[in-house]
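Asker:
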Amino acid sequence: MPYDSMTERSDEDLLAAYARGEAEAARALTQRFGPLAFGHAARMLGGDRAEAEDVAQEALLRLWRAAPSWEPGKAKVSTWLYRVTANLCIDRLRRARSAPLEAAPEPEDPAPGAVAGLQQQARADALQAALDDLPERQKQAVILRHIEGLGNEEIAVVMDIGARAVESLTARGKRRLTELLGGRRAELGYEDDE
Amino acid sequence: MSERKESDGLESYFEAARADPPMPGGDWLARMEARAIAEAPRAPARLPEHPGLLARIRASLGGWPGITGLVSASVFGLWLGVTGTLTAEDLWSGESQLLVLDPVTAYDLAWAEE
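One line per chain: the protein sequences are A and B, in this order. Per the UniProt record's numbering, residue 1 is the first one in the first sequence, and the count goes up by one each step. Per the UniProt record's numbering, residue 1 is the first one in the second sequence, and the count goes up by one each step.
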């Protein structure tokens with residue numbers, strides 16, 4: 001089947017085609033879900049691209065192996081992938097925390113100068129640094145809700161908790177983010193905006 | 001601090017993050033594609049439909065040629081039985097015209113001539 005027609009097919013259709021051994025479905029699924037898994041992993045892992053690539057590769061591998069027994073209608077492919085990716089990230093974060101400090105990657109400078117034109121990047125970096133200070137579950141909930149744009153119901157499925165617990169986690173996460181970022185407004189060019 | 005006020009204060013940060021999503025490199029995506037194809041279940045061989053009883057009988061008899069031969073032999077046997085034109089004695093006495101069929105092959109003749 002031509003690639004163009006693949007792009008219009010639903011996630012579940014593509015996964016079923018993949019399970020039947022269609023190579024074009026494999027390509028289309030990788031293009032659709034590779035960036036999703038990588039992007040979520042990178043945000044969960046504080047921007048570490050190498051780690052994010054490893055995690056995303058593992059998550060995709062699990063998706064390929066789950067394809068033959070995928071039950072249509074049971075879960076959205078993207079929801080399933082967010083969940084697997086986040087769980088892999090949390091495992092890595094916990095291992096890294098228990099590892100000796102010298103083994104941890106050198107953190108990037110979270111506060112590049114607030115140069116005109118770079119403010120957007122500086123704010124994104126500052127947010128990432130602040131997210132990295134949150135407990136894992138708060139961080140996951142805030143990323144899924146406010147950056148990935150998922151609804152609370154879907155986040156509840158991803159995190160295997162109730163919708164009210166999602167609201168609680170995002171509220172606490174945002175409160176902490178506000179505290180962490182509040183002292184950096186001038187540095188990040190907010191006074192210029194006002 | 002109300003949640004609304006927190007979201008308002010953080011929205012520009014979230015917007016900045018959404019505007020700059022981490023994207024994987026093209027080489028990584030190419031490797032993931034190759035891996036996906038390598039992991040893909042093999043397309044199952046196209047199996048023939050489960051044969052029915054008649055099809056299995058036909059196959060066991062050697063297909064249509066076998067069935068044709070069997071029917072011909074059966075009809076001939078029936079004809080012999082019904083008409084009674086040929087008996088075992090006819091065969092042994094050599095009176096039947098059927099014995100004009102020479103069972104000796106050209107191969108046997110070639111050996112005999114040597």
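We treat Cβ as the ideally placed atom computed from N, Cα and C, and that holds for glycine.
Looking at chain A, which residues of the region 17-31 of chain B have a Cβ within less than 7 Å of any of its Cβ atoms?
Answerer: With the criterion set as a beta carbon lying under 7 Å from some beta carbon of chain A, the members of the region 17-31 of chain B are 17, 18, 19, 20, 21, 22, 23, 24, 28 and 29, in sequence order.
Asker: Can you tell me whether residue 40 (chain B) is helix, strand or coil according to DSSP?
Answerer: coil
Asker: Could you compute how far the alpha carbon of residue 176 (chain A) sits from the alpha carbon of residue 72 (chain A)?
Answerer: 39 Å
Asker: Taking contact to mean 3 or more Cβ pairs, one atom from each stretch, closer than 8 Å, check whether the region 58-77 of chain A and the region 11-22 of chain A are in contact.
Answerer: yes
Asker: Please list the partners that residue 34 (chain A) has in chain B, where partner means a Cβ-to-Cβ separation under 7 Å.
Answerer: 24, 29 and 32
Asker: May I have a chain-ordered list of the alpha helix (DSSP H) segments no shorter than 4 residues that lie completely inside the region 151-189 of chain A?
Answerer: 152-159 and 163-182
Asker: For the region 7-20 of chain A, which residues have a beta carbon sitting closer than 9 Å to at least one beta carbon of chain B?
Answerer: 18, 19 and 20
Asker: Would you say residue 37 (chain B) reaches chain A, if we count a Cβ-Cβ gap shorter than 8 Å as a contact?
Answerer: With 8 Å as the cut-off, residue 37 (chain B) counts as an interface residue toward chain A.
Asker: Report the rounded CA-to-CA distance for residue 147 (chain A) versus residue 17 (chain B), giving the unit in angstroms.
Answerer: Looking at the two C-alpha atoms, the distance is approximately 7 Å.
Asker: In chain A, which residues lie with their C-beta within 8 Å of the C-beta of residue 42 (chain B)?
Answerer: 21
Asker: Taking contact to mean at least 3 C-beta pairs separated by less than 8 Å, is the region 47-61 of chain A in contact with the region 84-95 of chain A?
Answerer: yes
Asker: With a cut-off of 8 Å on the beta carbons, I'd call residue 128 (chain A) and residue 169 (chain A) a contact; round off their distance for me.
Answerer: Residue 128 (chain A) to residue 169 (chain A), Cβ: 18 Å. No contact.
Asker: Could you check whether the Cβ of residue 14 (chain B) sits closer than 8 Å to any Cβ belonging to chain A?
Answerer: yes
Asker: Between residue 93 (chain A) and chain B, is there a C-beta pair that is closer than 8 Å?
Answerer: no
Asker: Assign residue 78 (chain B) to buried or exposed, taking buried as 16 or more other Cβ atoms, counted over all protein chains shown, within 10 Å of its Cβ.
Answerer: exposed
Asker: Counting only the same chain and skipping the five closest in sequence on each side, list residues whose C-beta sits under 7 Å from that of residue 144 (chain A).
Answerer: 82, 150, 155 and 158
Asker: Going along the chain, which residues of the region 39-68 of chain A sit with their C-beta nearer than 8 Å to a C-beta in chain B?
Answerer: Interface annotation for the region 39-68 of chain A against chain B: 39, 42, 43, 47, 49, 52, 53, 56, 57, 60, 61, 64, 65, 67 and 68, criterion Cβ-Cβ distance under 8 Å.
Asker: Nearest by alpha-carbon distance to residue 134 (chain A): which of A:13, A:46, A:14 and A:24 is it?
Answerer: A:46
Asker: Starting from residue 147 (chain A), find everything on chain B with Cβ-Cβ shorter than 7 Å and list it in chain order.
Answerer: Simply 14, 17 and 18.
Asker: Locate the alpha helix (DSSP H) running through residue 145 (chain A), then write down its first and last residues.
Answerer: Taken as a continuous stretch (DSSP letters only), residue 145 (chain A) belongs to no alpha helix (DSSP H), as it is neither H nor E.
Asker: Take residue 22 (chain B) as the anchor and find which of A:10, A:11 and A:39 has the nearest alpha-carbon.
Answerer: A:39
Asker: Would you grab the beta carbon distance between residue 37 (chain A) and residue 85 (chain A) for me? Rounded to a whole angstrom, and I think it's under 8 Å.
Answerer: 5 Å
Asker: Could you tell me the alpha carbon to alpha carbon distance between residue 96 (chain A) and residue 78 (chain A), rounded to whole angstroms?
Answerer: In a straight line, the C-alpha of residue 96 (chain A) is about 27 Å away from that of residue 78 (chain A).
Asker: If residue 178 (chain A) and residue 10 (chain B) are in contact, beta carbons under 8 Å, what's the gap, nearest whole angstrom?
Answerer: 6 Å
Asker: Check for me: the alpha helix (DSSP H) holding residue 39 (chain A) runs from which residue to which?
Answerer: 23-44
Asker: Given a threshold of 16 other Cβ atoms within 10 Å of its Cβ, counted over all protein chains shown, does residue 67 (chain B) qualify as buried or as exposed?
Answerer: With a 10 Å radius around the Cβ and a threshold of 16 neighbouring Cβ atoms, residue 67 (chain B) comes out exposed.
Asker: Rounded to the nearest angstrom, what separates residue 57 (chain B) and residue 75 (chain B) at their Cα positions?
Answerer: 19 Å
Asker: Can you tell me whether DSSP reads residue 139 (chain A) as helix, strand or coil?
Answerer: helix
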